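Here is the structure we will look at, set down as structure tokens.
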Amino acid sequence: MNDPYDNCMAACDACAHAYDACTAAYLAERDAQALADCIALDIECAQLCRFASGAMARRSVLTPSVCALCAQACDLCAAECQRHAHDHCRRCALACEACAAMCRAVA
């Protein structure tokens with residue numbers, strides 16, 4: 506039987522990697538300053554995803570609250586990424602949506 510957090514931890518980890526890839530791609534853009542808000546949101550969301558994954562691994566009593574916050578952050582980031590036409594943004598938005606759904610399920 507799978508641990509109830511396994512799928513959520515995997516989604517959080519995948520989402521954090523998608524944020525990292527999106528951030529790196531944005532920083533390589535000619536006008537990264539114009540994307541500063543999106544870059545900052547990517548960084549914050551990646552940190553929240555990693556923290557949520559760690560909270561689940563530790564079986565923290567704060568896991569439901571952390572996962573609820575992570576879902577909220579992923580929703581914001583998905584909406585932001587959907588505003589951009591880049592392929593890395595599309596992949597990031599999909600990872601955000603999956604992570605948000607998984608986090609809501611365990612919150």
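Sequential numbering from 506 applies to the sequence shown in our numbering.
Using N, Cα and C, we set each Cβ at its ideal position, and we do this for glycine too.
Quick caveat, the model's predicted, so the values are computed rather than measured.
Rounded to the nearest angstrom, what separates residue 610 and residue 544 at their Cα positions? 27 Å
DSSP three-state label for residue 508, please. coil
Grab me the residues of residue 517's own chain with a C-beta within less than 8 Å of its C-beta, minus the 5 sequence neighbours each way, in chain order. 554, 555, 557, 558, 561, 575, 604, 607 and 608
Rank 551, 566, 594 and 563 by C-alpha distance to the C-alpha of residue 577 and give the top, closest one. Closest by alpha carbon: 551.
Could you tell me whether the Cβ atoms of residue 597 and residue 524 are closer together than 9 Å? yes
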